[in-house]
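J.:
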Amino acid sequence: MFLFILFISSLLAPLIKIASDTLVPQSTLVTDLLNYKHGSYDFGKVMRRIILGVAILIIFLFRKPLMINSLSTIGIKHTTGWWEHLQMGFFLSTGIFILYTSFLFITGTKILQVDAKSLGDLFFQLFKILLIAGLVGCIEEIFFRGFIFQSFLRNMHTVSAVCASSLFYSLLHFFKVKLLVSPGFQPFIGFEVIYQSFANLLINFNTIMPTIIGIFLVGVVLSYACLRTNSLYFAIGLHTGWIVLIKTNILLFDHVGTNLGWLFGDSKVVTGVLVWGLLIVTLFLVRLVTKTTSCETVSYGKISIKKQYLFGKESIR
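In terms of our numbering, the sequence shown opens at residue -4 and continues consecutively.
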């Protein structure tokens, strides 16, 4: 299924590039998003959106074989406290991240360096970050936790499904490449992006390993939030909050680094042991602040754990 999605995306890429060539110079938002400079822009970012769009379309077309009958099946449903879960996730993730950023600022690992032309520009940038974060958080949670995680749950024990889907989620973050293109028809541009993405993942695997671990832990936290609340709202809040703070961190601070990079991480945030520890703390905080729904105790190996229904499917918490 994944390779089929990549193939269809590669076929569509040249046609979508024609539309992108026209749109990029005319839209300030798209210009900033795709780093449009001197007549060229990053088509790698466009390709990632194409892949996501094709994946969602294919899932929609094959929703019956995948047993996806409605939005409630993937965790988008009207439940009591959904708004509270959304807010709780957002403030939990931002609170933990503010704690992390404050510590790095105090230790001199980060310095204040606002990347804005004026106060008005700063507020516009913050508003844009919030808007994009909400959109990305919602779309990615529907796709990764609503579709992917659930499909793994149908064939695996819950612990295995959490780990497998989180690893898939982590690796896909590196299935990308920065490919600058100029206007014009390029029939194999999609296949070129796919090839370079695989090559970069394999060649730079040792370098990106710390980031893979960090994003894997993020995936575990988000999956566990879905299990605890039986919906996507808490996970969407968490995800949105993380994106907001990561983007705001880039906007307001400069990561000057130290010899303790293994501890504090780098500008990618999730690469240091400190952040890994905070993500594990977040996992326990998710358990602490969420209410347990009705469930029954079952045996999983030698450990007594609990089984519940996640979006209409059995899962183990």
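No residue lacks a Cβ here, since even glycine has one placed at the ideal position from N, Cα and C.
Where does residue 21 land, buried or exposed, given buried means 16+ other C-beta within 10 angstroms?
T.: Residue 21 sits at position 26 when you count from the first residue of the sequence shown. Residue 21 comes out exposed.
J.: Looking only at DSSP bridge pairs, what is residue 32 linked to?
T.: Indexing the sequence shown from 1 puts residue 32 at position 37. Paired residues: 35.
J.: What is the residue span of the beta strand (DSSP E) that residue 249 lies within?
T.: As a working mapping, residue 249 is identified with position 254 in the sequence shown. Run containing residue 249: 248 to 250, per the beta strand (DSSP E) assignment.
J.: For the segment 197 to 265, which segments carrying the beta strand (DSSP E) assignment without a break, of at least 3 residues, lie completely within its bounds, in sequence order?
T.: 248 to 250
J.: Less than 8 Å between the C-beta atoms of residue 218 and residue 276, yes or no?
T.: Residue numbering aside, residue 218 sits at position 223 when the sequence shown is read from its first letter. Residue numbering aside, residue 276 sits at position 281 when the sequence shown is read from its first letter. No; because the gap between Cβ atoms is not below 8 Å, this pair is not in contact.
J.: Find out if the Cβ-Cβ distance for the pair residue 131, residue 38 is shorter than 8 Å.
T.: Looking up residue 131 in the sequence shown gives position 136. Looking up residue 38 in the sequence shown gives position 43. No. Outside cutoff.
J.: Is the number of C-beta pairs between the segment 247 to 267 and the segment 184 to 198 that are closer than 8 Å three or more?
T.: no
J.: Would you decide whether residue 8 is buried or exposed? Buried here means 16 or more other CB atoms lie within 10 Å of its CB.
T.: What you label residue 8 is simply residue 13 of the sequence shown in a count that begins at 1. It counts as buried.
J.: What's the C-alpha gap between residue 56 and residue 140?
T.: Sequence index remark: in the sequence shown, residue 56 carries index 61 (1-based). Sequence index remark: in the sequence shown, residue 140 carries index 145 (1-based). Residue 56 and residue 140: Cα-Cα distance of roughly 19 Å.
J.: Taking the continuous alpha helix (DSSP H) assigned at residue 106, which residues delimit it?
T.: Here the question's residue 106 lines up with position 111 in the sequence shown. Unbroken run through residue 106 is the beta strand (DSSP E), 105 to 107; no alpha helix (DSSP H).
J.: Could you name each continuous alpha helix (DSSP H) segment of 4 residues or more that falls completely within the segment 134 to 187, going from the start of the chain to the end?
T.: 144 to 148 and 153 to 167
J.: Distance check for residue 179 and residue 16, CA to CA, integer angstroms please.
T.: Against the sequence shown, residue 16 aligns to sequence position 21. Against the sequence shown, residue 179 aligns to sequence position 184. Roughly 7 Å between the two C-alpha positions.
J.: Are the segment 201 to 221 and the segment 155 to 174 in contact at 8 Å, needing three or more beta carbon pairs?
T.: yes
J.: Am I right that residue 84 and residue 220 are in contact with their C-beta atoms under 8 Å? What's the rounded C-beta distance?
T.: Numbered from 1 along the sequence shown, position 89 holds the residue referred to as residue 84. Numbered from 1 along the sequence shown, position 225 holds the residue referred to as residue 220. Correct: roughly 7 Å between the Cβ atoms.
J.: Residue 291: buried (16+ other C-beta within 10 angstroms of its C-beta) or exposed?
T.: Against the sequence shown, residue 291 aligns to sequence position 296. Low local confidence applies: a pLDDT of 32 at residue 291 is under 50, so the model's placement there is unreliable, with the coordinate-based value given in what follows. That one is exposed.
J.: Using a Cβ-Cβ cutoff of less than 8 Å, which residues in the same chain neighbour residue 1 once the five nearest sequence positions on both sides are dropped?
T.: Against the sequence shown, residue 1 aligns to sequence position 6. 46 and 189, listed in sequence order.
J.: For the alpha helix (DSSP H) that contains residue 12, what are its first and last residues?
T.: Locating residue 12 in the sequence shown gives position 17, counting from the first residue. Segment -3 to 18, the alpha helix (DSSP H) holding residue 12.
J.: Within the continuous alpha helix (DSSP H) that includes residue 88, where are the two ends?
T.: For the purposes of this step, residue 88 is taken as residue 93 along the sequence shown, with counting starting at 1. Residue 88 -> alpha helix (DSSP H) spans 77 to 101.
J.: Using 8 Å as the cut-off, can you tell me whether the segment 111 to 118 makes contact with the segment 234 to 241, which would need three or more C-beta pairs spanning the two stretches below that distance?
T.: no
J.: Whole angstroms is fine: what's the gap from residue -2's alpha carbon to residue 5's?
T.: Counting from one through the sequence shown, the residue named residue -2 turns up at place 3. Counting from one through the sequence shown, the residue named residue 5 turns up at place 10. The straight-line gap from Cα to Cα measures roughly 10 Å.
J.: Would you check if the distance between the CB atom of residue 52 and the CB atom of residue 233 is smaller than 8 Å?
T.: Against the sequence shown, residue 52 aligns to sequence position 57. Against the sequence shown, residue 233 aligns to sequence position 238. Taking 8 Å as the Cβ cut-off, residue 52 and residue 233 do not qualify as a contacting pair.
J.: Residue 36 and residue 172 - do their beta-carbons sit closer together than 8 Å?
T.: As a position in the sequence shown, residue 172 is number 177, starting the count at 1. As a position in the sequence shown, residue 36 is number 41, starting the count at 1. Not a contact, by the Cβ cut-off of 8 Å.
J.: Start and end of the alpha helix (DSSP H) containing residue 277?
T.: Within the sequence shown, residue 277 is the residue found at index 282, counting from 1. Start and end: 268 to 284.
J.: Under the rule that 16 or more other beta-carbon atoms within 10 Å means buried, what is residue 92, buried or exposed?
T.: The count along the sequence shown starts at 1 and reaches residue 92 at position 97. Classification of residue 92: buried, given that the 10 Å Cβ count is 16 or more.
J.: Grab me the residues of residue 206's own chain with a C-beta within less than 7 Å of its C-beta, minus the 5 sequence neighbours each way, in chain order.
T.: Numbered from its first residue, the sequence shown carries residue 206 at position 211. For residue 206, same chain residues with a beta-carbon under 7 Å away, outside a window of 5 residues either side, are 263, 265 and 266 in chain order.
J.: Tell me the rounded alpha-carbon separation between residue 100 and residue 272.
T.: As a first step, residue 100 is located in the sequence shown; it is residue number 105 there, counting from the start. As a first step, residue 272 is located in the sequence shown; it is residue number 277 there, counting from the start. If I take the Cα positions, the gap works out to 18 Å.
J.: Specify the secondary structure class of residue 59 as computed by DSSP and reduced to three states.
T.: Along the sequence shown, one-based indexing puts residue 59 at 64. Residue 59 falls in the coil class under three-state DSSP.
J.: Using DSSP with H/G/I as helix, E/B as strand and the rest coil, what is residue 128?
T.: As a first step, residue 128 is located in the sequence shown; it is residue number 133 there, counting from the start. Judged by DSSP in its simplified three-state form, residue 128 adopts helix.
J.: Where residue 96 and residue 204 are concerned, what is the direct C-alpha to C-alpha distance, given to the nearest angstrom?
T.: Along the sequence shown, read from residue 1 onward, the residue named residue 96 stands at position 101. Along the sequence shown, read from residue 1 onward, the residue named residue 204 stands at position 209. The alpha-carbon atoms of residue 96 and residue 204 are separated by roughly 22 Å.
J.: Which term fits residue 14, buried or exposed, when burial requires 16 or more other beta carbons within 10 angstroms of its beta carbon?
T.: As a working note, residue 14 is residue 19 in the sequence shown. Counting Cβ neighbours within 10 Å, residue 14 comes out exposed, since fewer than 16 surround it.
J.: Just tell me which of 268, 174 and 259 has its CA closest to the CA of residue 98.
T.: Working through the sequence shown from its first residue, we reach residue 98 at position 103. Comparing Cα-Cα distances from residue 98 to each of 268, 174 and 259, the minimum goes to 259.
J.: Does the distance from the C-beta atom of residue 160 to that of residue 144 stay below 8 Å?
T.: Taking the first residue of the sequence shown as position 1, residue 160 is located at position 165. Taking the first residue of the sequence shown as position 1, residue 144 is located at position 149. Yes. Within cutoff.
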